[in-house]
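Following: one structure in structure tokens, then a few remarks.
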Amino acid sequence: MRFILVILAALLSGECAALPGSASPQLLENGEEPVSEYRDERIGDVLSADDAGQKRILPSKGPYIALVIDDFGFSRKMTAEFESLRLPVTWAILPFERFSGYTAERAKETGIPYIIHLPMGAKSDTARAEGMEGNVVDTGMSPEEIADVLLNAVEVLPDAVGVNNHRGSRATADEELMDSFMEILSGFSLFFLDSRTSASSAAYAKAVEKGVPALYSSVFLDHQADETFMETQFLRALALAKRRGWVVVIAHTRIATLQYLKKLEGALPDGYIFVSLPDLFHLLRIR
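In our numbering, the protein residues as written are 7 to 293.
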């Protein structure tokens, strides 16, 4: 943790002009998604075009970091492990797994907000989301089919406050599909978080167009399960948060990730604040 604290001090003092690897975007391998991209300049372009109003009304306190933990629903043990984390987080629960309902109940009992981690088709799928027919949003679906998937997910996870995409590099890049999806989602009292598993995602733009409260993730924390990599990614997140006042970071239900996050408890520099994702929507007045 010594490395991260030294860099954090430099970041706050303005002496850290560039972070490692910040000169160009890097492609990151993701076990659940073939390619995910961190591209700071692209996020900046989206912010200036679509979020100028959000930036103006951001409260003076902050910057804010909203941490979303993906892939809950597979394991009771992992759910119990992450319950011990003291940082404010938001769980993203897969709706059609063995322990989806159990995980939702644990989140409700412990006061942890959760969202639906909705499966969407990826470019690597040779057919419509292999092995998940009927439980995934993918290209070629009718509005009725999309609505069925959403309704089934909400039935399993009734206290969800929002939705984000699980995988989805193919689905989120399909503008026609996203148009239909967001039209349907607008009928639910749910926000949308674009996980940005593809640089070609149209999900955030279509959500805004359809009046769905929406944000997007900028950083994947843990594509590599080692502390040095996660520190570098977290520093990227801090740099974004410092510049625009907020950032959404996605991590996953992995032991190495939990160990790293526990080291962050109480280690943030003055001024940075962890908040839940619904609290970030509230702070940014996105309704």
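Each residue gets a CB set at the ideal place from its N, CA and C atoms; glycine is no exception.
Give me the DSSP bridge partner(s) of residue i.
i, result
"Arg-173", "Met-126"
"Asp-76", "His-258"
"Tyr-222", "Asp-200"
"Val-143", "Met-126"
"Phe-280", "Ile-71"
"Gly-168", "Phe-197"
Is residue i helix, strand or coil by DSSP?
i, result
"Leu-196", "coil"
"Ala-86", "helix"
"Ile-292", "coil"
"Pro-149", "helix"
"Lys-216", "coil"
"Glu-181", "helix"
"Glu-189", "helix"
"Glu-161", "helix"
Which residues in the same chain as residue i place their Cβ atom closer than 8 angstroms to its Cβ, once the five residues preceding and following it in sequence are excluded?
i, result
"Asp-200", "Asn-170, Asn-171, Thr-178, Ser-207, Ala-209, Tyr-210, Ala-213, Ala-220, Leu-221, Tyr-222 and Ser-223"
"Ala-110", "Ile-99, Tyr-120, Val-162, Leu-163, Pro-164, Asp-165 and Ala-166"
Please look up how many angstroms separate the CB atoms of residue i and residue j, rounded, as I've assumed it's under 8 angstroms.
i, j, result
"Leu-91", "Lys-268", "7 angstroms"
"Thr-145", "Leu-191", "Contact flag wrong, Cβ pair sits at about 17 angstroms."
"Ala-247", "Tyr-70", "7 angstroms"
"Leu-227", "Val-255", "5 angstroms"
Please return the same chain residues whose Cβ sits closer than 6 angstroms to the Cβ of residue i, not counting the five positions on each side in sequence.
i, result
"Phe-102", "Asn-141"
"Val-155", "Val-143"
Which same chain residues, not among the five before or five after residue i, have their C-beta less than 7 angstroms away from its C-beta?
i, result
"Tyr-266", "Glu-233 and Met-236"
"Arg-112", "Thr-85 and Glu-89"
Can you list, in chain order, the stretches of the beta strand (DSSP E) that have 3 or more residues and sit fully within the stretch 230 to 264? Qualifying beta strand (DSSP E) stretches, in chain order: 252 to 258.
Where are the beta strand (DSSP E) runs, 3 residues long or more, that stay fully inside the stretch 93 to 121, in chain order? Runs of the beta strand (DSSP E) lying entirely within the stretch 93 to 121 and spanning at least 3 residues, in chain order: 96 to 99.
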